[in-house]
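> Pasting a structure below so you can have a look.
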Amino acid sequence: MAGKRGSPAIGIDLGTTYSCVGVWKHDRVEIIVNDQGNRTTPSYVAFTATERLIGEAANNQVDMNPINTVFDAKRLIGRRFSDASVQSDIKSWPFKVMADPVDNPLIKVNYKGEEKLFAAEQISSMVLIKMREIAEAFLGCTVKNAVITVPAYFNDSQRQATKNAGDRAGLSVMRIIDEPTAAAIAYGLDKMAGSVGEKNVLIFDLGGGTFDLALLTIGDGVFKVKATAGHTHLGGQDFVTRMVNHFVQEFKRKHGKDFSRNPRYLRRLTSSCERAKRSLSSFVEAPIQIDSLYEGIDFYSSISRVRFEELNMDLFMKCMDIVAECMRDAKIDDVHDVVLVGGSSRIPKVRQLLRDLFNGKELCESINPDEAVAYGASVRAAILSAAEDNEMIQDISNPIIHSTSSVPGHTHLGGEDVLVIDTQIDHFNHKHPLKYKYNGAPYECNGCKEQGFGPTYVCEREECNLRFHKYCALASPGSTISHSIYKDCEFIFYEKPQPGRKVNERICDACVNDIKGYAYHCNNNGYDLHPCCANLPPTLEHDGVKLYLEKKISSKCNKCRVKERWEDFTGWSYVSVSGKEKYHVSCVMQMIPDTGGAQDCILPSKVASSSGKKLGKYSRMSKVALELIFSAFLGGTITLAISFIQFPYEIVILYIYIYILFHV
Numbered sequence: 001m002a003g004k005r006g007s008p009a010i011g012i013d014l015g016t017t018y019s020c021v022g023v024w025k026h027d028r029v030e031i032i033v034n035d036q037g038n039r040t041t042p043s044y045v046a047f048t049a050t051e052r053l054i055g056e057a058a059n060n061q062v063d064m065n066p067i068n069t070v071f072d073a074k075r076l077i078g079r080r081f082s083d084a085s086v087q088s089d090i091k092s093w094p095f096k097v098m099a100d101p102v103d104n105p106l107i108k109v110n111y112k113g114e115e116k117l118f119a120a121e122q123i124s125s126m127v128l129i130k131m132r133e134i135a136e137a138f139l140g141c142t143v144k145n146a147v148i149t150v151p152a153y154f155n156d157s158q159r160q161a162t163k164n165a166g167d168r169a170g171l172s173v174m175r176i177i178d179e180p181t182a183a184a185i186a187y188g189l190d191k192m193a194g195s196v197g198e199k200n201v202l203i204f205d206l207g208g209g210t211f212d213l214a215l216l217t218i219g220d221g222v223f224k225v226k227a228t229a230g231h232t233h234l235g236g237q238d239f240v241t242r243m244v245n246h247f248v249q250e251f252k253r254k255h256g257k258d259f260s261r262n263p264r265y266l267r268r269l270t271s272s273c274e275r276a277k278r279s280l281s282s283f284v285e286a287p288i289q290i291d292s293l294y295e296g297i298d299f300y301s302s303i304s305r306v307r308f309e310e311l312n313m314d315l316f317m318k319c320m321d322i323v324a325e326c327m328r329d330a331k332i333d334d335v336h337d338v339v340l341v342g343g344s345s346r347i348p349k350v351r352q353l354l355r356d357l358f359n360g361k362e363l364c365e366s367i368n369p370d371e372a373v374a375y376g377a378s379v380r381a382a383i384l385s386a387a388e389d390n391e392m393i394q395d396i397s398n399p400i401i402h403s404t405s406s407v408p409g410h411t412h413l414g415g416e417d418v419l420v421i422d423t424q425i426d427h428f429n430h431k432h433p434l435k436y437k438y439n440g441a442p443y444e445c446n447g448c449k450e451q452g453f454g455p456t457y458v459c460e461r462e463e464c465n466l467r468f469h470k471y472c473a474l475a476s477p478g479s480t481i482s483h484s485i486y487k488d489c490e491f492i493f494y495e496k497p498q499p500g501r502k503v504n505e506r507i508c509d510a511c512v513n514d515i516k517g518y519a520y521h522c523n524n525n526g527y528d529l530h531p532c533c534a535n536l537p538p539t540l541e542h543d544g545v546k547l548y549l550e551k552k553i554s555s556k557c558n559k560c561r562v563k564e565r566w567e568d569f570t571g572w573s574y575v576s577v578s579g580k581e582k583y584h585v586s587c588v589m590q591m592i593p594d595t596g597g598a599q600d601c602i603l604p605s606k607v608a609s610s611s612g613k614k615l616g617k618y619s620r621m622s623k624v625a626l627e628l629i630f631s632a633f634l635g636g637t638i639t640l641a642i643s644f645i646q647f648p649y650e651i652v653i654l655y656i657y658i659y660i661l662f663h664v
């Protein structure tokens with residue numbers, strides 16, 4: 001649908017291992033096939049001596065060129081090199097990852113005979129370029145507008161980086177929406193909720209590299225995330241790895257050869273096991289046939305569905321345990337719908353265990369699990385593209401009915417859309433949408449209860465009178481973040497104090513102020529952070545000097561000049577390389593116009609140290625005044641000359657006064 005924007009709007013599921021693109025056309029969603037006839041495209045980018053390959057072409061040559069074939073960029077985007085998750089992932093990747101001077105991860109490859117460094121944003125943008133080209137080939141016209149999906153647990157940095165990747169790919173990113181929301185939109189669950197009242201929906205997303213779980217409540221067309229859970233390294237790749245290990249041992253028994261440390265041969269076996277895994281979702285047995293696998297030895301074998309289930313049963317049960325734990329944490333017993341997303345949710349045993357867990361409940365599986373997220377994103381893109389045309393919105397109010405009579409259609413959605421650059425969002429704890437506005441006067445954030453000023457998310461209804469900092473507005477219970485200061489910690493967002501803790505017992509380990517509302521907490525080490533402090537940038541700039549965030553309280557803050565030290569809390573400061581520029585985090589929060597964080601990472605010069613400069617100025621003037629008293633007695637001219645250069649107007653008046661006082 002071109003709508004008012006002048007070009008078709010597409011929906012893109014930017015996945016960890018595979019990506020998918022769709023568009024609203026002929027009164028329904030079309031999932032677009034790539035140049036190889038496939039409806040999903042590998043999120044792979046390869047660099048060779050002559051060219052750059054993306055998608056199927058990159059995946060097809062990975063066996064021969066593993067160190068220059070990049071995948072899993074989604075695990076790096078918006079993260080720091082020092083993050084614990086990044087350090088763990090690096091060990092399993094054949095390509096090299098290194099840190100830039102400000103702790104951003106860079107991927108090192110050899111391209112056209114030269115070493116090149118690429119950020120994860122750049123790799124993701126290349127995948128998005130491919131998805132845009134796939135759509136343009138299908139539509140026969142230029143594509144500009146897109147809705148892109150991200151996991152519900154993505155923090156603001158990861159969301160912004162994803163939007164940046166879209167910009168690099170030549171796309172106008174209309175909106176960034178959560179994958180669970182997109183899946184629910186695909187099944188028209190908002191329309192169903194309108195007829196039975198508020199309903200609970202579980203989105204079970206078992207993909208190639210990750211397992212993501214989300215509990216949504218849907219009512220009056222509004223999606224709210226009640227809880228999120230999952231595992232960043234649990235998915236189809238892990239099931240395939242179990243198969244690979246199984247066949248490596250079989251090859252070793254049969255031929256006395258071990259190639260478990262050779263990436264090239266492992267990759268060939270992995271490719272064959274991936275095909276077998278997919279086949280086992282439809283057949284009870286799958287063949288493994290590889291000519292000249294290792295040292296000229298052919299390898300022919302097979303695996304049954306039963307054996308595959310035995311190899312992975314503990315992983316399947318781990319998925320079920322996470323589901324049960326998520327429901328307990330959310331205190332929800334009754335789930336109205338269970339939506340399957342991700343290719344690995346096709347596995348028959350996974351579906352059986354899920355049905356058993358919900359007492360035989362039928363699963364929402366009428367839409368291809370690989371395509372459900374892109375499907376919902378395409379519907380959302382069509383609605384946004386036609387936002388100014390009510391008739392057009394009505395035209396797309398029944399997009400799913402063509403593919404299945406058991407699923408009702410759509411209405412215009414309020415959505416649980418966590419936005420990157422947008423003026424309206426829905427908050428997990430408020431029934432009305434919040435708008436992003438500039439606030440001229442100071443206010444108290446209704447989330448963290450801290451003072452704020454500048455841009456804010458606000459409910460425009462007078463009876464509500466709600467205002468939120470950016471990060472308090474975008475967070476949701478159970479969402480997690482990591483921080484480079486505490487590399488081994490996973491911080492979980494809490495709306496209220498954890499059981500057994502009181503409001504006045506929590507102190508932010510960054511700014512060393514009391515926590516009175518929303519907070520992030522590390523269960524392992526007991527650290528607490530305000531949402532704004534948790535999202536502070538690692539570097540800031542002040543008067544051309546770069547400041548680095550450090551885990552220490554500076555004894556001589558350039559703003560407040562306070563020399564206190566806290567015994568029980570470390571606290572954070574921004575410090576220059578020379579150590580001359582120092583600012584407490586609590587002072588920085590007052591210096592940034594939006595307490596939610598510095599958008600451009602530059603402190604305003606006039607505000608940043610105005611009080612410190614004034615104190616220093618009057619301190620120096622007092623010192624000079626004393627010197628002038630002595631010079632007046634002694635008739636010294638040197639001191640007078642120096643003083644006049646420093647404070648010309650003040651010194652003329654002061655010197656005349658002192659001269660008259662002592663000489664007349």
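Residue numbering for the sequence shown follows UniProt numbering, beginning at 1 and increasing consecutively.
Note that CB positions come from ideal geometry on N, CA and C, so glycine has one too.
1. If the criterion is Cβ atoms closer than 8 Å, does the pair lysine 516 and lysine 556 meet it?
2. Less than 8 Å between the C-beta atoms of leucine 354 and valine 338, yes or no?
3. What number of angstroms, rounded off, separates the C-alpha of leucine 234 from the C-alpha of phenylalanine 468?
4. By the three-class DSSP mapping on this structure, what secondary structure does lysine 552 have?
5. Looking at the structure shown, is isoleucine 54 part of a helix, part of a strand, or coil, going by DSSP?
6. Please state whether the Cβ-Cβ distance between alanine 510 and glycine 447 is less than 8 Å.
7. Does phenylalanine 223 come out as helix, strand or coil in the three-state DSSP assignment?
8. So, proline 66 versus glutamate 56, is the Cβ gap smaller than 8 Å?
9. Mark serine 610 as exposed unless 16 or more other C-beta atoms lie within 10 angstroms of its C-beta, in which case mark it buried.
10. Would DSSP call proline 101 helix, strand or coil?
11. For glycine 11 and leucine 536, I'd like the C-alpha separation in whole angstroms.
12. Locate the beta strand (DSSP E) running through isoleucine 297, then write down its first and last residues.
13. Scan the region 250-303 and note each continuous beta strand (DSSP E) run of 3 residues or more that stays entirely inside, going in chain order.
14. Here's the rule I'm using: 16 or more other beta-carbon atoms within 10 Å means buried, otherwise exposed. How should isoleucine 481 be labelled?
15. Taking the C-alpha atoms as reference points, what is the distance between glycine 3 and alanine 386?
16. Keeping to the same chain, check which residues put their C-beta closer than 8 Å to that of histidine 483; ignore five residues upstream and five downstream.
17. Using the C-alpha atoms, what's the distance from aspartate 238 back to threonine 411?
18. Is the distance from the Cβ of lysine 437 to the Cβ of threonine 456 below 8 Å?
19. I'd like the span of the alpha helix (DSSP H) that includes alanine 473, first residue to last.
20. Can you tell which of His521, Met327 and Arg380 has the C-alpha that lies nearest to the C-alpha of leucine 357?
21. Could you give the DSSP three-state label for arginine 467: helix, strand or coil?
22. I need the DSSP call for cysteine 489, collapsed to helix, strand or coil.
23. Locate the beta strand (DSSP E) running through tyrosine 520, then write down its first and last residues.
24. For alanine 169 versus leucine 128, is the C-beta spacing smaller than 8 Å?
25. So what's glutamine 237 in DSSP terms, helix, strand or just coil?
26. Where does glycine 414 land, buried or exposed, given buried means 16+ other C-beta within 10 angstroms?
27. Enumerate in chain order the residues of its own chain whose CB-to-CB distance from asparagine 390 is below 7 Å, with the five nearest sequence positions on each side excluded.
28. For histidine 483, which of helix, strand or coil comes out of DSSP?
29. Mind the definition here: the region 110-124 touches the region 142-152 only if three or more C-beta pairs lie below 8 Å; say whether that holds.
30. Does threonine 232 come out as helix, strand or coil in the three-state DSSP assignment?
31. For glycine 597, collect the residues of the same chain with a Cβ closer than 8 Å to its Cβ; drop the 5 residues on either side in sequence, then sort them by chain order.
32. Near serine 7, what residues of its chain come up, given a Cβ to Cβ distance below 8 Å and the 5 sequence neighbours on each side ignored?
33. Three-state secondary structure (DSSP) at phenylalanine 118?
34. Please name the residue in Lys25, Pro105 and Ala161 whose C-alpha comes closest to that of arginine 80.
35. Which term fits tyrosine 300, buried or exposed, when burial requires 16 or more other beta carbons within 10 angstroms of its beta carbon?
36. Which residue from Val33, Leu474 and Val244 puts its Cα closest to that of leucine 293?
Let me lay it out:
1. Stepping through the sequence shown from its first residue, residue 516 is reached at position 516. Stepping through the sequence shown from its first residue, residue 556 is reached at position 556. Not closer than 8 Å, so no.
2. Within the sequence shown, the letter at position 354 stands for residue 354. Within the sequence shown, the letter at position 338 stands for residue 338. Going by C-beta atoms, leucine 354 is nearer than 8 Å to valine 338.
3. Taking the sequence shown and counting its residues from 1, one reaches residue 234 at position 234. Taking the sequence shown and counting its residues from 1, one reaches residue 468 at position 468. C-alpha separation (whole angstroms): 35 Å.
4. Numbered from its first residue, the sequence shown carries residue 552 at position 552. Three-state DSSP puts lysine 552 in coil, outside helix and strand.
5. Residue 54 sits at position 54 when you count from the first residue of the sequence shown. Of the three classes helix, strand and coil, the one that applies to isoleucine 54 here is strand, per DSSP.
6. For the purposes of this step, residue 510 is taken as residue 510 along the sequence shown, with counting starting at 1. For the purposes of this step, residue 447 is taken as residue 447 along the sequence shown, with counting starting at 1. Against a cut-off of 8 Å, the Cβ pair of glycine 447 and alanine 510 comes out as no contact.
7. Position 223 of the sequence shown, counting from 1, holds the residue named residue 223. If DSSP states are grouped into helix, strand and coil, phenylalanine 223 belongs with the strands.
8. By 1-based counting over the sequence shown, the position of residue 66 is 66. By 1-based counting over the sequence shown, the position of residue 56 is 56. No, the pair does not count as a contact, with Cβ atoms beyond the cut-off.
9. Along the sequence shown, one-based indexing puts residue 610 at 610. Low per-residue confidence applies at serine 610: pLDDT is 40, beneath 50, and the placement is therefore not dependable, though the value from the model is reported in the following sentence. Answer is exposed; the Cβ neighbour count stays below 16.
10. One-based indexing of the sequence shown puts residue 101 at position 101. Proline 101 falls in the coil class under three-state DSSP.
11. In the sequence shown, the residue the question calls residue 11 occupies position 11. In the sequence shown, the residue the question calls residue 536 occupies position 536. Cα to Cα, glycine 11 sits roughly 31 Å from leucine 536.
12. Indexing the sequence shown from 1 puts residue 297 at position 297. Looking at the DSSP string, the run of the beta strand (DSSP E) that includes isoleucine 297 is 297-304.
13. Fully enclosed beta strand (DSSP E) runs of no fewer than 3 residues occupy 285-294 of the region 250-303, in order along the chain.
14. Taking the first residue of the sequence shown as 1, we reach residue 481 at position 481. Under this definition isoleucine 481 is a buried residue.
15. Mapped onto the sequence shown, residue 3 falls at position 3. Mapped onto the sequence shown, residue 386 falls at position 386. Summary for glycine 3: the model assigns pLDDT 46, below 50, so the residue's position carries little reliability; its value from the coordinates is reported in the next sentence. Taking the straight line joining both Cα atoms gives about 5 Å.
16. One-based indexing of the sequence shown puts residue 483 at position 483. Closer than 8 Å at Cβ, skipping near neighbours: Cys489, Phe491, Leu529 and Ala534.
17. Position 411 of the sequence shown, counted from the first residue, corresponds to residue 411. Position 238 of the sequence shown, counted from the first residue, corresponds to residue 238. Legend: pLDDT at threonine 411 = 25, less than 50; position of this residue unreliable, no value from coordinates given.
18. Position 437 of the sequence shown, counted from the first residue, corresponds to residue 437. Position 456 of the sequence shown, counted from the first residue, corresponds to residue 456. In contact: lysine 437 and threonine 456 (Cβ atoms closer than 8 Å).
19. Working through the sequence shown from its first residue, we reach residue 473 at position 473. Its alpha helix (DSSP H) spans residues 470-474.
20. The residue labelled residue 357 in the question sits at position 357 within the sequence shown. If we check each option's Cα against that of leucine 357, Met327 comes out closest.
21. Indexing the sequence shown from 1 puts residue 467 at position 467. Reduced to three states, the DSSP call for arginine 467 is strand.
22. As a position in the sequence shown, residue 489 is number 489, starting the count at 1. If DSSP states are grouped into helix, strand and coil, cysteine 489 belongs with the strands.
23. As a first step, residue 520 is located in the sequence shown; it is residue number 520 there, counting from the start. Taken as a continuous stretch (DSSP letters only), the beta strand (DSSP E) holding tyrosine 520 covers 519-522.
24. Start at 1 with the first residue of the sequence shown, and residue 169 comes out as number 169. Start at 1 with the first residue of the sequence shown, and residue 128 comes out as number 128. Against a cut-off of 8 Å, the Cβ pair of leucine 128 and alanine 169 comes out as a contact.
25. Position 237 of the sequence shown, counted from the start, is the residue given in the question as residue 237. Glutamine 237: helix per DSSP, three-state reduction.
26. On the sequence shown, residue 414 is found 414 positions in, with the first residue counted as 1. In this predicted model, glycine 414 has a pLDDT of only 29, less than 50, meaning its place in the structure is not dependable enough to derive any value.
27. By one-based count along the sequence shown, residue 390 stands at place 390. The pLDDT assigned to asparagine 390 is 38, lower than 50, so where the model puts this residue is not dependable; a value taken from the coordinates is nonetheless given after this. Counting only Cβ-Cβ distances below 7 Å, and skipping sequence neighbours, we find nothing.
28. For this step, residue 483 is matched to residue 483 along the sequence shown. Strand, per DSSP.
29. no
30. The residue you call residue 232 lines up with position 232 of the sequence shown. Residue state, collapsed to three classes: coil.
31. Along the sequence shown, read from residue 1 onward, the residue named residue 597 stands at position 597. Per-residue confidence for glycine 597 stands at a pLDDT of 38, beneath the threshold of 50, marking its modelled position as unreliable; no derived number is given.
32. Taking the first residue of the sequence shown as 1, we reach residue 7 at position 7. Beyond the five residues adjoining it in sequence on each side, serine 7 comes within less than 8 Å, by CB distance, of Cys141, Thr142, Val143, Lys144 and Asn145 in the same chain, given in chain order.
33. Here the question's residue 118 lines up with position 118 in the sequence shown. It is a strand residue.
34. Along the sequence shown, read from residue 1 onward, the residue named residue 80 stands at position 80. If we check each option's Cα against that of arginine 80, Pro105 comes out closest.
35. The residue labelled residue 300 in the question sits at position 300 within the sequence shown. Per the 10 Å Cβ criterion, exposed.
36. Your numbering for residue 293 matches position 293 in the sequence shown. Measuring from the Cα of leucine 293, the nearest candidate turns out to be Val244.
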